[in-house]
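Enquirer: This is the structure I want to talk about, given as structure tokens.
Numbering (this note's numbering), first residue to last: 588 to 873.
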């Protein structure tokens, strides 16, 4: 198979456009840490690190979950279970992405480099979580929270309280919308002994968990307003985020999951970009 065709298939399979979920949080964290515009060199390596870390994580997930993807009607058309691509190009893609991520961390600073293997271990570990715990949503949240914490490390070579608050907000954001998304797989999870909040508590109970998680997210975003660099515009942004989350939950009901994709992809994409925008503007104005 043509190399470019293989890359195209892999990028489509790992949904490269979903980088919009984590990357904006890394960017906003870098602006807060720099108290304004970060150095362009640092920002460039943050982008590279984020891009290839996500590539590696998603490639690993597709490889180790190929068996379960084949058993799930929603996912059996993915590249590996459907036979669109062999596993060797995927392993090559995974290896190259991991090496470039570690190199990008090396180019940032020593702490980022030392933490990079741990970061990879966390994001790879998520792929196994559903096999043994309903808290797989929490694991995914922790994996994505590496974005803002890692970006702070990239700028200041430290892990601060502010980065942990933002990272915790990301954790609960991911928990909430991953639970909503997992509602579509409840039957497959039950049939294949996979664990999730919907599988354990049912769709109605899961949606309550998701709503509670998003309430906690908003609380941590408000807590971040203690930073002098963030002002009224940021709080307006948090208020809008709360409204968008409420809208997201209004789209999904226990007896109607037809709008899950809209709730998952579109609304959360707007949330991350909106927050990034208000943080950047607030940081530059101050």
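We put the beta carbon where it would ideally sit given N, CA and C, even for glycine.
1) Of all the alpha helix (DSSP H) runs that stay within the bounds of the region 638-706, which reach a length of 4 or more residues?
2) Name, in chain order, the residues that DSSP records as bridge partners for residue 843.
3) Going by DSSP in three states, residue 774 sits in which element: helix, strand or coil?
4) Please state the DSSP three-state secondary structure of residue 609.
5) Quick check on this structure: which residue in 869, 640, 860, 598 has the alpha carbon closest to the alpha carbon of residue 731?
6) Helix, strand or coil for residue 592, going by three-state DSSP, please let me know.
7) Are the Cβ atoms of residue 735 and residue 712 separated by less than 7 Å?
8) Could you pull out every residue in the same chain whose Cβ sits closer than 7 Å to the Cβ of residue 808, ignoring the five residues on either side in sequence?
9) Measure from the alpha carbon of residue 648 to the alpha carbon of each residue in 677, 626, 733, then state which is nearest.
10) For the structure I just gave you, are there three or more beta carbon pairs, one from the region 608-622 and one from the region 852-865, closer than 8 Å?
11) Tell me the residue span of the alpha helix (DSSP H) that contains residue 789.
12) For residue 740 versus residue 625, is the C-beta distance shorter than 7 Å?
Expert: The answer reads as follows:
1) The qualifying runs are 653-658, 666-669, 674-695.
2) Indexing the chain shown from 1 puts residue 843 at position 256. Under DSSP, the beta-bridge partners assigned to residue 843 are 840.
3) What you label residue 774 is simply residue 187 of the chain shown in a count that begins at 1. Here residue 774 sits in helix by DSSP.
4) Along the chain shown, one-based indexing puts residue 609 at 22. Coil.
5) Your numbering for residue 731 matches position 144 in the chain shown. Each of 869, 640, 860, 598 was checked against the Cα of residue 731, and the nearest Cα belongs to 640.
6) If you number the chain shown from 1, residue 592 lands on position 5. If DSSP states are grouped into helix, strand and coil, residue 592 belongs with the helices.
7) Taking the chain shown and counting its residues from 1, one reaches residue 735 at position 148. Taking the chain shown and counting its residues from 1, one reaches residue 712 at position 125. Using a Cβ distance threshold of 7 Å, residue 735 and residue 712 do not count as a contacting pair.
8) Numbered from 1 along the chain shown, position 221 holds the residue referred to as residue 808. Here the set comprises 756, 825, 828.
9) Counting from one through the chain shown, the residue named residue 648 turns up at place 61. Nearest Cα to residue 648 within the set 677, 626, 733: 677.
10) Yes: the two stretches touch, three or more of their Cβ pairs being nearer than 8 Å.
11) One-based indexing of the chain shown puts residue 789 at position 202. For residue 789, the enclosing alpha helix (DSSP H) stretches over residues 784-810.
12) Residue numbering aside, residue 740 sits at position 153 when the chain shown is read from its first letter. Residue numbering aside, residue 625 sits at position 38 when the chain shown is read from its first letter. No, they are not a contact pair.
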